[in-house]
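Student: Take this structure first; my questions come after.
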Amino acid sequence: MSPRPAPLQSDAASPAAVLVPVKAFHRAKRRLASAVAADERSRLAEAMATHVVRMAAPLPVTVVCDDPTVRAWAEAEGAAVVWCPGTGLNGAVARGVATLAVRGYRQVVVVHGDLPLAAGLHDVVGWPGVTLVPDIRRDGTNVCAVPTGAGFRFAYGPGSFRRHCEEAQRLGLELRELDIPGLRADVDHPADLENLAQLGPLAHIDQLGPSGK
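Convert by adding 126 to the 1-based position in the sequence shown; the result is the number in the working numbering.
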């Protein structure tokens with residue numbers, strides 16, 4: 127298991143920070159319902175988010191959420207919390223980036239919490255423009271690193287990778303796409319759980335897959 131991240135301080139201790147938007151665990155991953163029972167989906171969502179937060183070390187981590195259970199979990203993991211009820215994903219991420227900008231961070235790396243093989247985040251940090259890591263279908267955006275002062279407009283949802291590329295172009299920011307397998311492999315559909323086993327060990331979540339029902 128990866129080490130716990132250092133708690134976020136009020137003053138920026140590094141130029142970059144990681145922002146992880148996390149949905150309420152009991153409402154997450156409903157598209158897996160045909161293969162994974164409800165209680166196991168909740169445990170799976172928490173296990174994946176825990177891996178992502180710990181993998182981010184030593185970068186400071188902030189979790190953006192609107193669920194008390196997620197908030198308590200994030201604080202136990204040493205992450206700071208930005209509380210964003212009723213804003214939706216794009217609004218929550220925008221508020222999280224704005225909060226981190228006020229705290230002095232020059233770059234924010236937005237990482238989704240459903241990446242059970244997440245690794246290599248250090249390769250994302252430091253690029254002055256926009257860095258994107260798409261999902262394996264090159265449709266969604268699993269990782270999006272942006273300068274906090276750029277005014278980047280987030281547009282998550284189906285087709286977000288294309289929209290984020292267009293946003294970088296609109297802002298005149300140099301765009302970099304990275305192909306990092308562990309950051310491209312997310313879990314949205316039952317087939318994703320099967321495909322993950324071909325990419326790497328899943329000791330931290332394999333008991334939660336369809337075979338564990």
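The C-beta atom is built at its ideal place from N, Cα and C for all residues, glycine as well. Every value quoted in this text rests on a predicted model; they were computed, and no experiment measured them.
#1: On a Cα-Cα basis, can you pick out the residue from 273, 317 and 321 that is closest to residue 308?
#2: In the DSSP assignment, what are the bridge partners of residue 143?
#3: Below 7 Å CB to CB, which residues in the same chain sit around residue 220 once its five sequence neighbours on both sides are set aside?
#4: When DSSP builds the beta bridges, which residues end up paired with residue 191?
#5: Which value, in whole angstroms, describes the spacing of the CA atoms of residue 247 and residue 189?
#6: Which residues bound the alpha helix (DSSP H) around residue 225?
#7: Measuring straight from C-alpha to C-alpha, what distance separates residue 249 and residue 186?
#8: Over the uninterrupted beta strand (DSSP E) stretch that includes residue 271, give me the two end residues.
#9: Please state if the CB of residue 255 and the CB of residue 289 are separated by a distance shorter than 8 Å.
#10: Please classify residue 295 as buried or exposed, where buried requires at least 16 other C-beta atoms within 10 Å of its C-beta.
#11: From residue 228 to residue 177, what does the alpha carbon distance come to, in whole angstroms?
#12: Which residues in the same chain as residue 264 place their Cβ atom closer than 8 Å to its Cβ, once the five residues preceding and following it in sequence are excluded?
#13: What number of angstroms, rounded off, separates the C-alpha of residue 267 from the C-alpha of residue 282?
#14: Buried or exposed for residue 318, please, with buried defined as at least 16 other CB atoms from any protein chain shown within 10 angstroms of its CB.
#15: Hey, would you say residue 240 sits closer than 8 Å to residue 310, going by beta carbons?
#16: Would you report the Cα separation of residue 195 and residue 292, rounded to the nearest angstrom?
#17: Using alpha carbons as the reference points, say which of 258, 306 and 204 lies closest to residue 300.
#18: Closer than 6 Å by C-beta to residue 152: which residues in its own chain qualify, once you throw out the five before and the five after it? Chain order, please.
#19: Is residue 181 close to chain B? Criterion is C-beta to C-beta, closer than 8 Å.
#20: Would you mind working out which of 271, 230 and 313 sits nearest residue 304, comparing C-alpha positions?
#21: Reducing DSSP to helix, strand and coil, say where residue 258 ends up.
Tutor: Based on what the coordinates show:
#1: Along the sequence shown, read from residue 1 onward, the residue named residue 308 stands at position 182. Among 273, 317 and 321, the Cα nearest to that of residue 308 belongs to 321.
#2: Here the question's residue 143 lines up with position 17 in the sequence shown. Looking at the DSSP assignment, residue 143 forms a beta bridge with 234.
#3: In the sequence shown, residue 220 corresponds to position 94, counting from 1. Within the same chain, residue 220 has close Cβ partners 280.
#4: Taking the sequence shown and counting its residues from 1, the one referred to as residue 191 is at position 65. Residue 191 pairs with 209.
#5: For the purposes of this step, residue 247 is identified with residue 121 of the sequence shown, where counting begins at 1. For the purposes of this step, residue 189 is identified with residue 63 of the sequence shown, where counting begins at 1. Their backbone Cα atoms lie some 16 Å apart in a straight line.
#6: Within the sequence shown, the letter at position 99 stands for residue 225. Taken as a continuous stretch (DSSP letters only), the alpha helix (DSSP H) holding residue 225 covers 214-228.
#7: Taking the first residue of the sequence shown as 1, we reach residue 249 at position 123. Taking the first residue of the sequence shown as 1, we reach residue 186 at position 60. If I take the Cα positions, the gap works out to 16 Å.
#8: Numbered from its first residue, the sequence shown carries residue 271 at position 145. Residues 267-273.
#9: For the purposes of this step, residue 289 is taken as residue 163 along the sequence shown, with counting starting at 1. For the purposes of this step, residue 255 is taken as residue 129 along the sequence shown, with counting starting at 1. In this structure, residue 255 does not lie closer than 8 Å to residue 289 by Cβ.
#10: Mapped onto the sequence shown, residue 295 falls at position 169. Exposed, since its Cβ has fewer than 16 Cβ neighbours within 10 Å.
#11: As a working note, residue 228 is residue 102 in the sequence shown. As a working note, residue 177 is residue 51 in the sequence shown. Distance between the alpha carbons of residue 228 and residue 177: 27 Å.
#12: Taking the first residue of the sequence shown as position 1, residue 264 is located at position 138. 287.
#13: Taking the sequence shown and counting its residues from 1, the one referred to as residue 267 is at position 141. Taking the sequence shown and counting its residues from 1, the one referred to as residue 282 is at position 156. C-alpha separation (whole angstroms): 7 Å.
#14: Here residue 318 refers to the residue found at position 192 when the sequence shown is read from its first residue. Buried, since its Cβ has 16 or more Cβ neighbours within 10 Å.
#15: Within the sequence shown, residue 240 is the residue found at index 114, counting from 1. Within the sequence shown, residue 310 is the residue found at index 184, counting from 1. No, Cβ-Cβ distance for residue 240 and residue 310 is not below 8 Å.
#16: As a first step, residue 195 is located in the sequence shown; it is residue number 69 there, counting from the start. As a first step, residue 292 is located in the sequence shown; it is residue number 166 there, counting from the start. The straight-line gap from Cα to Cα measures roughly 36 Å.
#17: Position 174 of the sequence shown, counting from 1, holds the residue named residue 300. The shortest C-alpha separation from residue 300 is found at 258.
#18: Residue 152 sits at position 26 when you count from the first residue of the sequence shown. Closer than 6 Å at the Cβ level, and outside the excluded window around residue 152, lie 168.
#19: Here chain B cannot be found, since the structure has a single protein chain.
#20: Taking the sequence shown and counting its residues from 1, one reaches residue 304 at position 178. With distances taken between Cα atoms, residue 304 lies closest to 271.
#21: Sequence index remark: in the sequence shown, residue 258 carries index 132 (1-based). Residue 258 falls in the strand class under three-state DSSP.
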